[in-house]
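Step one of this worksheet: look at the structure below.
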Amino acid sequence: MRLILDDAQGLGSPVGSILVGTNQFIAQAIRVRKVLGGGMRQAGILAAAGIYSLTNMIERLQEDHINAGQIARAIDDLKSDVISVTNKVRTNIILVKVNEKFATSDEFTLRLKKVFEDEEKSLGKSIVVKASEIEKGSIRLVTHANVTQNDVVMAIQKLKYVVDEFNRAKN
């Protein structure tokens, strides 16, 4: 068995991944790392952050899953032709289909990052949502340790605003 877990996002570590495997696999991975020149001095500081995350942050992962579910439900509740959730959200990742009749996935993610004056007046604040295009017609939203309940509410406001904007532009 081989598995790589990234603990830098959900668990709140500054950097890092965990490599899991048989003794033989780990020995081979260490050898390859050394052959390729990989290594760090004073890595204990970063390891300490990873150990802290594994010890103290696992239980709070459920918060990320709840936050992602809340965003996914809000998108579903829009009953929009512009965007729709494509996965059953069980983790902190929301996959969203963007209807290219309204916008490309790239246009949609770029719009989520921009704030215009009329939008700020309407929403009462500047809201930026970071999303990633994962393929043509699909974007990914991810919640993590630094996303608060207030951030979730604002992300939903921004998504609604942008969806309405694309709807108005089409009609």
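What the sequence shown shows, in the working numbering, is residues 1113 to 1283, in sequence order. Glycine residues also receive a C-beta, built at the ideal position from the N, C-alpha and C atoms.
**Request:** Using only alpha-carbon positions, find the residue among Phe1137, Ala1141, Ile1205 and Gln1136 that is nearest to Val1284.
**Result:** No statement about residue 1284 is possible, as the shown extent of the chain runs from 1113 to 1283 and does not include it.
**Request:** Mind checking which residues open and close the beta strand (DSSP E) that includes Glu1247?
**Result:** The sequence position of residue 1247 within the sequence shown is 135, counting from 1. Glu1247 -> beta strand (DSSP E) spans Ser1244 to Glu1247.
**Prompt:** In whole angstroms, what is the alpha-carbon distance linking Gly1150 and Val1144?
**Reply:** In the sequence shown, counting from the first residue as 1, residue 1150 sits at position 38. In the sequence shown, counting from the first residue as 1, residue 1144 sits at position 32. Approximately 8 Å, taken between the alpha carbons.
**Request:** Determine the DSSP secondary structure at Leu1123, reduced to helix, strand or coil.
**Result:** By one-based count along the sequence shown, residue 1123 stands at place 11. Coil at Leu1123, not helix or strand.
**Message:** With a threshold of 7 Å on Cβ separation, who are the neighbours of Ile1251 within its own chain once the five nearest residues in sequence on each side are excluded?
**Reply:** Translated into positions along the sequence shown, residue 1251 becomes position 139. The residues are Val1208, Val1210, Ser1217, Phe1220, Thr1221, Ala1243, Ser1244 and Glu1245.
**3 or more residues per run - each beta strand (DSSP E) lying fully within the region 1123-1148** = 1129-1133
**For Val1284, the first and last residue of its enclosing alpha helix (DSSP H)** = In the structure displayed, the chain extends from 1113 to 1283; residue 1284 sits before or after that span and is not available.
**Item:** Lys1233 - containing alpha helix (DSSP H), residue span
**Value:** Numbered from 1 along the sequence shown, position 121 holds the residue referred to as residue 1233. Start and end: Glu1229 to Leu1235.
**Request:** Would you list, in sequence order, the uninterrupted alpha helix (DSSP H) runs of no fewer than 4 residues that lie entirely inside the region 1157-1228?
**Result:** 1173-1190 and 1217-1225
**Message:** Please return the same chain residues whose Cβ sits closer than 6 Å to the Cβ of Val1240, not counting the five positions on each side in sequence.
**Reply:** Locating residue 1240 in the sequence shown gives position 128, counting from the first residue. Correct list, in chain order: Lys1225.
**Item:** CB of Leu1158 within 8 Å of CB of Val1127, strictly
**Value:** The residue labelled residue 1158 in the question sits at position 46 within the sequence shown. The residue labelled residue 1127 in the question sits at position 15 within the sequence shown. It is a contact, given that the beta carbons lie within the stated cut-off.
**Request:** For Gly1236, count neighbouring Cβ atoms within 10 angstroms of its own Cβ and tell me buried if that reaches 16, exposed if not.
**Result:** Sequence index remark: in the sequence shown, residue 1236 carries index 124 (1-based). It is exposed - the Cβ of Gly1236 has fewer than 16 other Cβ atoms within 10 Å.
**Request:** Measure from the alpha carbon of Glu1277 to the alpha carbon of each residue in Ser1192, Gln1140, Thr1203 and Leu1253, then state which is nearest.
**Result:** Within the sequence shown, residue 1277 is the residue found at index 165, counting from 1. With distances taken between Cα atoms, Glu1277 lies closest to Ser1192.
**Request:** Report the option in Met1169, Gln1182 and Lys1233 whose CA atom is closest to the CA atom of Ala1257.
**Result:** In the sequence shown, counting from the first residue as 1, residue 1257 sits at position 145. When only C-alpha atoms are compared, the closest one is Met1169.
**Minimum C-alpha distance to Asp1230 - residue among Gly1249, Gln1140, Asp1263 and Tyr1273** = The sequence position of residue 1230 within the sequence shown is 118, counting from 1. Nearest option by C-alpha distance: Tyr1273.
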